[in-house]
Structures are given as structure tokens and as C-alpha cells.
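Below is one structure, written out as C-alpha cells, with a few remarks after it.
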Amino acid sequence: MLALQIVLLIVGLALLVKGADWFVDGSAGVAHKCKVSSLVIGLTVVAFGTSAPELAVSVTSAIEHSTDIAIGNVVGSNIANILLILGVSALFHALPVQKISLKLDFPVLLTASVLLIGLGAWGSALQWWDGLILLVVFSGYMAVLLTNARREQKRLKALAELSPAPEESEPKEEKKSAFGRWYGQMQEKLWFLILLIVIGLAMVVGGGTLLVDAATYIAEYAGVSERIIGLTIVAVGTSLPELVTSVVAAIKGETDIAVGNIIGSNIFNIFVVAGVSSLFYPLAFSQANLIDACVALGAAVLLYILSLVKGNRLGKVSGVLMLACFAGYYVYLFAA
């Protein structure tokens, strides 16, 4: 039975990841056809897609009253995103930190982390009204992002009009498999895009249910708390897409927005994943949960300090330090 649950956990994770991928493809395609700007798509659809696994798992956990998994998934994913994903990525290539991240995203992430701790500690649980507070603050953050992005678009457009147009070079043809070519052609059809959204959403929901049920069984079988399972297997599992993407990008040297993407994902996890989950069922905050949330805040502070000290770049030394902190936290989890 244990072997079956492990298989179901892996299948659930695979469904989550691929389902989120198809959902984003379909949603972005429909948005383009409806003449929604690429800017809005990038700030909404893509942001949702990267955190869809975390959202599905935490909402499913809340509905099934497995609140330790719901909270552990949010906090554990944020810890893994910074200390593990950026730590490993920095070993392969220096990661630049954009000015907008230092001016806006970092302060928002730190505020979100403190707000999560404060709301959780206030009533020993995240209630539905706490969830609404998180979602309202997130809406304000998105409005600021959208305003800044539109202003930047106008500035770049004005510069482009003043500058002479560069000579056009022949576009390089991208080699695609037969399936890749077929998939690209099908994405031009509206019915196919809608089908991708429906199937992708079903896979995300089904995968989240499988993952939570299997993780709960494994926790009970192994005598490990749901909190530990949520912070480790579930959190790292739902962060695997970001880990693979970030490491591959670092190896290729394509690291311009790696840090910004991780910060954005962590902000989304707190405001939206925790916020939406608490609307379905109160998320109990034990003292251990608060300690974990403080570790996530500490990881964000460490990343901010390293970004400032190292001249807006995260190098190998920063990567080693973050990985050492991640290993130390896991030792604490299993030793406690």
C-alpha cells in the first residue's frame, strides 16, 4: 500500500506540473485572441501558472482540513525557492538582482512575510477575513506593478521612436519536433485553447487531490507530522518546476530575471495561495508553524542583504551560504 501511495504522489505531482503548463498555454492563447496585452498576461496568467501547483495543493489541503500541509506548503515553498533554488542556481552562474526588485518587490515580500506571521499569531489561525486582507493587499501590489510596467512600456516606446531602427537580421529558425510543430499550429485554434484550459485545470485539481491524499497517508504511515511532509516533500515537489527552469537558465547564462521571478512567486504564495486557502477553512497556526514562517522571513532578509552587499549580484559564495542555511533548516526539522 505504501508503494502505491508513493506512486500516486509522483503521478499527482506530474499531473500538477503538466496541468499548470497546459492551463497557462491555453489561457495565454485565449487572452491574445481577445486582444489582452502581453503585459497583463505576463503579470496574471504567468504568475498564476508558476504557483498553480502550490495553490491547488493548499486549497485541497484546506478543504480536507489538513491545514498543516496547507501552511507547510506555502512556507516550505518560499524557503525552498530562495535557499534551495537560488542557492543552486548561483553555483552555476552569478544571478543579477534588478533595481525594481530591490525598490519594490523585496519590500513587498518582507511586508507579506511579516503580515503572514502577524495574522497567524493574532488568532492562532488564518481566518477567512485574514485571507481577504491578504488578497486585497495583493490587488494593490498588482495595480502598482501594472502602472509601473505601463510607464516603462511608454518610455521604451518613446526611446524607440527617437532611435534609428536597427537593421533587420534574418530570424533563426527554431528546430521543432513533429509534435512541437503540430502543437504550435493547434494553438491557433480557439477550441483547442479552451480544451487546454479545461484539461489543464482538471489535471491541476486532480493532481492536487492525489498529492495531498498520498502525502497524508505517507505521513501517517511513517509517523511523521503533516507539517513536516508539507514543508519538505510537498513544498519541494511543487517547487520542482522552478528548480529545473532556474538551474537550466543559470547553466545557459540566462539569469536576468531569475531572482525577480522567485520573489514574485513567493509574494503570490503568501497573498494568493494562503489567502485563497483560508477562505475554504481556517488555517491553524501552531507555534511550530510560526517558527517556520519566521525562517521564511529570515530567508527573504538574507537574500535582500546578500543582494545589497554583493553589488546586486548573487555569486557562488552566496549560493553556498544559502544552501548551508537550507541544509541546517532541514536538520532542525527532522531533529526537533
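Using our numbering, the letters of the sequence shown correspond one by one to residues 1 to 336. Beta carbons are placed, not taken as given, at the ideal position from N, Cα and C, and that holds for glycine.
Shown here for Ala296: same chain residues with a beta carbon closer than 7 Å to its own, the five before and five after excluded, namely Val75, Asn78, Ile79, Ser113 in chain order. Beta bridge pairing from DSSP links Arg313 with Pro96. Cβ atoms of Val272 and Leu110 stay farther apart than 8 Å, at about 17 Å. Nearest Cα to Thr209 within the set Ala3, Val11, Leu4, Met1: Val11.
Under the 8 Å Cβ criterion, the stretch 81-88 does not count as touching the stretch 114-133, having fewer than three qualifying pairs.
Looking from the CA of Val136, the closest CA among Leu314, Val276, Ser307, Gly298 belongs to Val276. Counting only runs of 4 or more residues that sit fully inside the stretch 95-149, the alpha helix (DSSP H) segments are 106-123, in chain order.
If you compare the alpha carbons of Ala219, Thr245, Ser246 with that of Val234, the shortest gap goes to Ala219.
In the pairwise beta carbon analysis, the stretch 259-269 is classified as touching the stretch 98-106: at least three pairs are separated by under 8 Å. Spanning the alpha carbons of Ile71 and Gln127 requires a straight line of approximately 13 Å. By a beta-carbon distance limit of 8 Å, Gly26 contacts Ile197. Their separation comes to about 4 Å. Contact annotation: Tyr281 and Ala62 have beta-carbon atoms nearer than 7 Å. In the DSSP assignment, Gln5 falls within the unbroken alpha helix (DSSP H) covering 2-33. When the alpha-carbon of Leu15 is set against those of Ser89, Ala324, Leu240, Ala178, the nearest one is in Leu240. If you check the CB distance, Glu226 and Ile69 come in under 7 Å. Minimum Cα-Cα distance from Leu104 among the listed residues Tyr304, Lys316, Ala274 corresponds to Tyr304.
In the three-state reduction of the DSSP assignment, Ala284 falls in the strand class, which pools E and B.
Collapsing the DSSP output to three states places Gly184 in a helix. Within the model, the alpha-carbon separation for Val205 versus Gly223 is close to 27 Å.
With a threshold of 16 other beta carbon atoms within 10 Å, Cys325 meets it and is buried. Where Glu64 is concerned, there is no enclosing alpha helix (DSSP H), because DSSP gives it neither an H nor an E. Taking C-beta atoms as the reference points, Leu201 and Phe23 count as a pair closer than 7 Å.
Judged by their CB atoms, Leu2 and Tyr221 are nearer to each other than the 7 Å cut-off. The C-beta separation of Phe106 from Ile263 comes to about 7 Å, placing the pair in contact by the 8 Å criterion.
Straight through space, the alpha carbons of Ala274 and Lys154 are spaced by roughly 34 Å. The beta carbon of Gly253 is closer than 8 Å to those of His93 in its chain, skipping five residues each way along the sequence.
About 6 Å separates the beta carbon of Leu9 from that of Leu211, a gap short enough to meet the 8 Å contact definition. Excluding sequence positions up to five before and after Asn266, its CB lies within less than 6 Å of the CB of Asn78, Asn81, Leu109, all in the same chain and listed in chain order. Counting C-beta atoms within 10 angstroms of its own C-beta, Glu242 has 16 or more neighbours from the protein chains shown and is therefore classed as buried. The beta carbons of Phe285 and Ser51 sit no closer together than 7 Å.
Rounded to the nearest angstrom, the gap between the Cα atoms of Phe268 and Leu159 is 32 Å. Per DSSP, Asn266 is one residue of the alpha helix (DSSP H) stretching across 258-268. Going by beta carbons, Ala90 and Gly230 fall outside the 7 Å limit. Burial check for Asn73: the Cβ neighbour count within 10 Å reaches 16 or more, so the residue is buried.
In the DSSP assignment, Thr245 falls within the unbroken alpha helix (DSSP H) covering 235-252.
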